[in-house]
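Visitor: Per the working numbering, the very first residue in the first sequence carries number 13; after that it's consecutive.
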Amino acid sequence: MRTDVFKDFDLESFRFEDKNYLTCLIDEFEHYEMKRAIEKAKVGVDLSDCDEEDKIEFEAICLDSKEKLFKVVDKIDKNTLVAFDTETTGLDTKTDKMVGFSFATDNEKAYYVPIAHSYLGVTDQVDIDDAIEAIKVILKAKVVGQNLKFDLSLLYNQYGIEEVVPFADTMIMAWLLNAGSKVGLDALAKKFFNYEMKPFKELVKKGETFANVDIESATFYASEDAWMTFMLYGALDRAMSLASIDHLKEEAKNVEYPFINVLIAMERRGIKLDIEKLKSLQDMLSKRVEELTKEIYELCGSEFNIKSTQQLGVVLFQHLGLKGGKKTKTGYSTNEKVLNSLKNEHEVIPKILEYRSTQKLLSTYAQPLLKLAKKDKQNRIYTSFLQTGTATGRLSSKDPNLQNIPVRSELGRSVREAFIAKEGYKLLSIDYSQIELRLLAHFSKDKALMESFKQGLDIHMATAIKLFGEEEAEAKRSYAKSVNFGILYGMGAKKLSDELGITSKEAKEIIKAYFEAFPTIKSFLEKIQEDVKKIGYVETILKRRRFFDYENATGMQKASFLRESVNTVFQGSAADLIKLSMLEAESYLKEEQIDGAMLLQIHDELIFEVKEEIVQEVSLKLKYIMENIMVLEVPLVCSVSLGDSWGELK
DNA sequence: TGTGATAGCTCG
DNA sequence: GTACGAGCTATCACAC
Numbered sequence: 013m014r015t016d017v018f019k020d021f022d023l024e025s026f027r028f029e030d031k032n033y034l035t036c037l038i039d040e041f042e043h044y045e046m047k048r049a050i051e052k053a054k055v056g057v058d059l060s061d062c063d064e065e066d067k068i069e070f071e072a073i074c075l076d077s078k079e080k081l082f083k084v085v086d087k088i089d090k091n092t093l094v095a096f097d098t099e100t101t102g103l104d105t106k107t108d109k110m111v112g113f114s115f116a117t118d119n120e121k122a123y124y125v126p127i128a129h130s131y132l133g134v135t136d137q138v139d140i141d142d143a144i145e146a147i148k149v150i151l152k153a154k155v156v157g158q159n160l161k162f163d164l165s166l167l168y169n170q171y172g173i174e175e176v177v178p179f180a181d182t183m184i185m186a187w188l189l190n191a192g193s194k195v196g197l198d199a200l201a202k203k204f205f206n207y208e209m210k211p212f213k214e215l216v217k218k219g220e221t222f223a224n225v226d227i228e229s230a231t232f233y234a235s236e237d238a239w240m241t242f243m244l245y246g247a248l249d250r251a252m253s254l255a256s257i258d259h260l261k262e263e264a265k266n267v268e269y270p271f272i273n274v275l276i277a278m279e280r281r282g283i284k285l286d287i288e289k290l291k292s293l294q295d296m297l298s299k300r301v302e303e304l305t306k307e308i309y310e311l312c313g314s315e316f317n318i319k320s321t322q323q324l325g326v327v328l329f330q331h332l333g334l335k336g337g338k339k340t341k342t343g344y345s346t347n348e349k350v351l352n353s354l355k356n357e358h359e360v361i362p363k364i365l366e367y368r369s370t371q372k373l374l375s376t377y378a379q380p381l382l383k384l385a386k387k388d389k390q391n392r393i394y395t396s397f398l399q400t401g402t403a404t405g406r407l408s409s410k411d412p413n414l415q416n417i418p419v420r421s422e423l424g425r426s427v428r429e430a431f432i433a434k435e436g437y438k439l440l441s442i443d444y445s446q447i448e449l450r451l452l453a454h455f456s457k458d459k460a461l462m463e464s465f466k467q468g469l470d471i472h473m474a475t476a477i478k479l480f481g482e483e484e485a486e487a488k489r490s491y492a493k494s495v496n497f498g499i500l501y502g503m504g505a506k507k508l509s510d511e512l513g514i515t516s517k518e519a520k521e522i523i524k525a526y527f528e529a530f531p532t533i534k535s536f537l538e539k540i541q542e543d544v545k546k547i548g549y550v551e552t553i554l555k556r557r558r559f560f561d562y563e564n565a566t567g568m569q570k571a572s573f574l575r576e577s578v579n580t581v582f583q584g585s586a587a588d589l590i591k592l593s594m595l596e597a598e599s600y601l602k603e604e605q606i607d608g609a610m611l612l613q614i615h616d617e618l619i620f621e622v623k624e625e626i627v628q629e630v631s632l633k634l635k636y637i638m639e640n641i642m643v644l645e646v647p648l649v650c651s652v653s654l655g656d657s658w659g660e661l662k
């Protein structure tokens, strides 16, 4: 049993309010030694009065004049811990306005500063210029927030505030503590303090904004947010220590908090779309959908909603009498795989497949992107990156999601062609080649795999040679590729056989051959699984953790956890590396005053927009940064490509 | 009219 | 009953 977990564990130091932290830790952490330690500790703490202690309260104070505001703000200096939050008319930090802001410097009270409430009979408010002055003072202190990317983005975009690195962000702290848990303020308040936050919906009726809320109600709501953020900072900071993950405080400080500003900058830049191209694509897709609709009705002998899987199932498997097993909860399965297997059974099937893909491009990509691009003067669209959106550490992108723009089909790529560089600039793409397999080589130190990467071989071909011999390797390269992916996903023989269209027995033999060829990979994967079983978590290369409640899981969950844990090591570590690269790339471009900028991240790829004359030179520098971001047991290799549109790249 | 579940499809 | 991680669109059933 490890003992370092107990190192800082001091029974005497627990206070009553720790009860909730402890409960939370017991519930949320599947760190078994930790759990036992906490349970021991609970015995030593008198919890009999805890119900009383649970009722936490605060005082909400409205600062509705310059004098009142600065009387409080003047006491703030650079060492003051301040929780800060803004209230706005909406969620778009480019256009929506600040209605007020709140802050707290202790766990007993919080202040609200009304700025732009707008309703009949509205009382005193603070002038926006005075409010900005106060905010500047607050941002010079140790500022803590819940999702500060939003507040800072608003302040940078519209209120002339200069870039600051936050002292802490409770959403990110909660995510680092447990990436699988809910990280919203309401959920955290409930979890750590058993406290119910006032729901936003009760305050703002539909069709209205925060500006319509009366200042008295707003004062309570906004102050509550700042106060709870202040409280949570303390709780999360302590929870991190209790869970013996103080090193993640450093990771947060060095990586995650500066990274907030990288994301804000990318979100603000957006990426340009070719409106004409998108328009003609949209027209073409619409016409094709119309044609296909008619043809499908004719071939089926009836009109129905092709988009409805239920109706389609009835038509195909009852009216037309095609053979299809009931597979879903609601009826027949009609997914691409099923339809592909019926391709030769009826001539309508290929039409439906084409209808599906065309309709997808139209409704998910062409139409919404065109609509967004038209709204912007420069025809640029702006995504929102989520820093705490995944369990592994990857980013996600939404509204719109720019991480799943089509590339695999030819027609799909035409959507990508609508993403263009602005006049005089080029789009530059640099992507990590096989980063997850390189991490597998790095972690496992498998001689054969390391050697393949050091020699710069085609890794799937090298695997194929190992598995099937020189002669068959070429023909079976795709098998090897599937196996390599499968390894990273924690595959079983069943899925591999499905994937390759071979028997389960053959798949088993391939897997067996793989582990014989790469014995240290086998033992490394087993080590990961042992960790999950014994200590309940796995770690990425930056020591971020993902927890699994293996002990209390059902059989099926246990199997899932083992696969997820294996994948997390590779996917999460890859996410760590590209995050570091993005920080480096951003500071290089800024410090060297390069006429170019980072626009998008798609997991293992970065997209830049760079002035034409210097793009070659800049691409080399960026490639160098990415390839040398960390020294591993194998080289990191990036491939570079550039063009006028995203569709041309790669 | 809004919401949550389901099915399907897009990407790395 | 098992390949990982995401987000968006549309339908459908149900509640208000």
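Idealized CB from N, CA, C, for every residue including glycine.
With distance defined between alpha-carbon atoms, name the residue in Ile641, Thr321, Leu601 and Val155 nearest to Lys265.
Guide: Out of Ile641, Thr321, Leu601 and Val155, Val155 has the C-alpha closest to the C-alpha of Lys265.
Visitor: Could you please give the first and the last residue of the uninterrupted beta strand (DSSP E) stretch that includes Asp443?
Guide: Tyr437 to Tyr444
Visitor: So, with DSSP's three-state summary, where would you put Ala122?
Guide: strand
Visitor: By the three-class DSSP mapping on this structure, what secondary structure does Leu618 have?
Guide: strand
Visitor: Between the C-alpha atoms of Ser509 and Glu576, what's the straight-line distance to the nearest angstrom?
Guide: The straight-line gap from Cα to Cα measures roughly 20 Å.
Visitor: With contact counted as at least three CB pairs below 8 Å, one residue from each stretch, are the segment 239-249 and the segment 134-142 in contact?
Guide: no
Visitor: Go ahead and label Gly608 buried or exposed: buried means 16 or more other beta carbons lie within 10 angstroms of its beta carbon, across all protein chains shown.
Guide: When all chains shown are included, Gly608 counts as buried.
Visitor: At which residue ranges does the segment 392-462 contain complete alpha helix (DSSP H) runs of 4 or more residues, listed in the order of the chain?
Guide: 422-428 and 447-456
Visitor: Who are the Cβ neighbours of Lys148 in its own chain at under 8 Å, not counting the five residues just before and after it?
Guide: Ile173
Visitor: Quick one: what's Lys623 bridged to in DSSP?
Guide: Tyr437
Visitor: Ignore the nearest five residues each way along the sequence and tell me which others in Leu166's own chain have a CB closer than 8 Å to its CB.
Guide: Result list for Leu166: Thr98, Thr100, Thr105, Asp108 and Met110, in chain order.
Visitor: I need the straight-line Cα distance from Lys507 to Thr515, nearest angstrom please.
Guide: Cα-Cα distance, rounded: 10 Å.
Visitor: Nearest-angstrom Cα distance between Val85 and Ala146?
Guide: 6 Å
Visitor: Where do the N-terminal and C-terminal ends of the alpha helix (DSSP H) with Val274 fall, by residue?
Guide: Tyr269 to Arg281
Visitor: Measuring alpha carbon to alpha carbon, tell me which of Ile308, Arg450, Leu290 and Lys335 ends up nearest Leu423.
Guide: Leu290
Visitor: Looking only at its chain, what residues have a beta carbon closer than 8 Å to the beta carbon of Lys534, apart from the 5 residues adjacent to it on each side?
Guide: Phe527
Visitor: Starting from Glu310, trace the alpha helix (DSSP H) both ways and give me its first and last residue.
Guide: First-last of the alpha helix (DSSP H) with Glu310: Ile287 to Cys312.
Visitor: What ranges does the beta strand (DSSP E) occupy inside the segment 512-577, keeping only unbroken runs of at least 3 residues that lie completely in it?
Guide: 549-551 and 557-559
Visitor: Taking DSSP as the reference, what is the three-state secondary structure of Ile73?
Guide: strand
Visitor: The alpha helix (DSSP H) with Glu228 in it runs from where to where?
Guide: Unbroken alpha helix (DSSP H) run through Glu228: Ile227 to Leu254.
Visitor: Got a sec: does the ligand HEM put a non-hydrogen atom nearer than 7 Å to the Cβ of Thr580?
Guide: Ligands are entirely absent from the displayed structure, and the ligand HEM is therefore not among its contents.
Visitor: Would DSSP call Phe222 helix, strand or coil?
Guide: helix
Visitor: For Ala153, which three-state DSSP category applies?
Guide: coil
Visitor: Can you tell me where the beta strand (DSSP E) with Asp198 in it begins and where it stops?
Guide: Where Asp198 is concerned, there is no enclosing beta strand (DSSP E), although the alpha helix (DSSP H) it sits in stretches over Leu197 to Phe205.
Visitor: If you run the structure through DSSP and keep just helix, strand and coil, what is Glu40?
Guide: Confidence is the limiting factor: at Glu40 the pLDDT is only 49, short of 50, which leaves the residue's position unreliable and the question unanswerable from this model.
Visitor: In three-state terms, what does DSSP make of Asp97?
Guide: Residue state, collapsed to three classes: strand.
Visitor: When you compare only the Cα positions, how much space is there between Thr532 and Glu542?
Guide: 15 Å
Visitor: Starting from Ser353, trace the alpha helix (DSSP H) in both directions and tell me its first and last residue.
Guide: Glu348 to Ser353
Visitor: State the beta-bridge partners of Asp181 as determined by DSSP.
Guide: Gly157
Visitor: Should Leu693 and Val350 be called a contact, given that it needs their Cβ atoms to be closer than 8 Å?
Guide: Given that the chain is displayed from residue 13 to residue 662, the structure contains no residue 693 and the question cannot be resolved.
Visitor: Among the candidates Ile523, Gly567, Ala565 and Ala95, whose CA atom is the shortest distance from the CA of Met243?
Guide: Closest option to Met243, Cα to Cα, is Ala95.
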